[in-house]
Amino acid sequence: MRIVFLGAPGSGKGTQAQRLIERHGIPQISTGDLLRAHVREGTELGRRAKSVMDAGQLVDDATILGMVRARLAEPDAVRGFILDGFPRTIPQAEGLSTMLAEVGKPLDAVILFDVDPALLVKRISGRRSCQDCGRVFNVHTAPVPVPPPCNGQCPAPRLIQRPDDAEETVTKRLGVYEAQTAPLVGFYKERGLLKTVDADASLAEVTARVEAALQRGA
Ligand code: AMP
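Residues in the sequence shown are numbered from 27 upward in steps of one, following our numbering.
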């Protein structure tokens with residue numbers, strides 16, 4: 027299954043991708059996570075991307091497309107994938123179509139996570155992740171359970187807030203989403219791939235809605 031998760035920052039794409047990958051046996055490919063790994067490792071790409079990310083802007087399309095092409099060539103992506111946070115611009119969406127057409131494996135569906143924009147700033151500024159295993163929590167909606175399981179990887183998650191999740195940057199990122207990413211809704215609707223999910227619900231309910239959307243035809 028080859029799927030794109032589309033939605034504003036904080037709409038729950040990453041959390042839902044984490045829940046679905048195990049059931050479907052396919053990887054979550056998050057360009058934000060790939061970029062953060064480059065920043066942590068201090069690669070040349072990471073050094074270039076950091077200031078752009080911290081400012082809440084988008085990294086250039088050529089860099090992102092090169093990174094995604096390399097990731098899709100890895101063996102675990104052969105059976106499918108959930109793309110999370112990519113594509114974010116029309117040129118990225120066109121680049122993705124070309125890449126997938128070259129291997130004769132087009133997208134199966136694009137899930138749009140529809141949420142009330144007024145809730146997004148609160149959701150994102152409450153987001154925390156474990157700096158060891160990357161698992162995401164939310165001080166408002168998904169606090170760390172006691173005792174914390176953390177995928178069984180970390181006995182006690184050490185929670186950090188992403189620098190770009192601070193409230194001022196979040197507002198900027200939402201503006202960037204409206205200007206550059208929201209046009210993808212029309213792009214994928216025209217191609218008959220878009221399935222909209224009302225994502226203002228509990229984690230389990232949204233998962234059920236995503237699964238149902240994947241079952242129904244476009
Ligand atoms: P995310 O974790 O998806 O919210 O991404 C964090 C930041 O990484 C974004 O605010 C952008 O600066 C950058 N980024 C992630 N994915 C992309 C993309 N597909 N295109 C451009 N920039 C991206």
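All C-beta atoms, glycine included, are put in the ideal place defined by N, C-alpha and C.
Exercise. With Leu-185 and Cys-156 assumed to form a contact (beta carbons below 8 angstroms), what rounded beta-carbon distance in angstroms separates them?
Worked result: By one-based count along the sequence shown, residue 185 stands at place 159. By one-based count along the sequence shown, residue 156 stands at place 130. Yes, they are in contact, since the Cβ atoms of Leu-185 and Cys-156 sit about 6 angstroms apart, within 8 angstroms.
Exercise. Rounded to whole angstroms, how far is the Cβ of Asp-191 from the Cβ of Arg-153, which I believe are closer than 8 angstroms?
Worked result: As a first step, residue 191 must be located in the sequence shown, where it is residue number 165. As a first step, residue 153 must be located in the sequence shown, where it is residue number 127. Their Cβ separation, rounded to whole angstroms, is 5 angstroms, which keeps Asp-191 and Arg-153 in contact under 8 angstroms.
Exercise. Nearest CA to the CA of Lys-221: which residue from Ser-228, Leu-229 and Gly-212?
Worked result: As a first step, residue 221 must be located in the sequence shown, where it is residue number 195. Cα-wise, what sits closest to Lys-221 is Gly-212.
Problem set entry | Where Ala-34 sits in the DSSP three-state scheme | Reading the sequence shown from its first residue, position 8 is the one you call residue 34. Ala-34: coil per DSSP, three-state reduction.
Problem set entry | Thr-69 burial status per 10 Å Cβ neighbour count (16 or more: buried) | Taking the sequence shown and counting its residues from 1, the one referred to as residue 69 is at position 43. So Thr-69 ends up on the exposed side.
Exercise. Are at least three pairs of beta-carbons, each pair with one atom in the segment 197-204 and one in the segment 72-87, less than 8 angstroms apart?
Worked result: yes
For this session: Please name the residue in His-166, Pro-189 and Arg-105 whose C-alpha comes closest to that of Asp-134.
Result: What you label residue 134 is simply residue 108 of the sequence shown in a count that begins at 1. Cα-wise, what sits closest to Asp-134 is Arg-105.
For this session: Find the nearest neighbour of Val-223 within the set Leu-210, Thr-124, Glu-216 and Glu-237, judged by alpha-carbon distance.
Result: Along the sequence shown, one-based indexing puts residue 223 at 197. Nearest option by C-alpha distance: Glu-237.
For this session: Indicate, with yes or no, if the ligand AMP has a heavy atom lying under 8 angstroms from the CB of Pro-21.
Result: Nothing in the structure corresponds to residue 21, since the chain is present only between 27 and 244.
Exercise. Leaving out the 5 sequence neighbours to the left and right, which residues in its chain are closer than 6 angstroms to Leu-122 when beta-carbon positions are compared?
Worked result: In the sequence shown, the residue the question calls residue 122 occupies position 96. Cβ within range, chain order: Pro-113.
For this session: Report yes if the C-beta of Arg-149 is less than 8 angstroms from at least one heavy atom of the ligand AMP; otherwise report no.
Result: Taking the sequence shown and counting its residues from 1, one reaches residue 149 at position 123. Relative to the non-hydrogen atoms of the ligand AMP, the Cβ of Arg-149 never comes closer than 8 angstroms to any of them.
For this session: Output the distance between the C-alpha atoms of Ser-77 and Pro-189, rounded to the nearest integer angstrom.
Result: Within the sequence shown, the letter at position 51 stands for residue 77. Within the sequence shown, the letter at position 163 stands for residue 189. For Ser-77 and Pro-189, the distance between alpha carbons rounds to 11 angstroms.
For this session: Measure the alpha-carbon distance for Gly-38 versus Glu-128 and round it to whole angstroms.
Result: Sequence index remark: in the sequence shown, residue 38 carries index 12 (1-based). Sequence index remark: in the sequence shown, residue 128 carries index 102 (1-based). Going by the C-alpha atoms only, they are around 31 angstroms apart.
Exercise. Taking Cβ positions only, does Lys-131 come closer than 9 angstroms to chain B?
Worked result: The chain inventory of the structure shown lacks chain B, comprising one protein chain alone.
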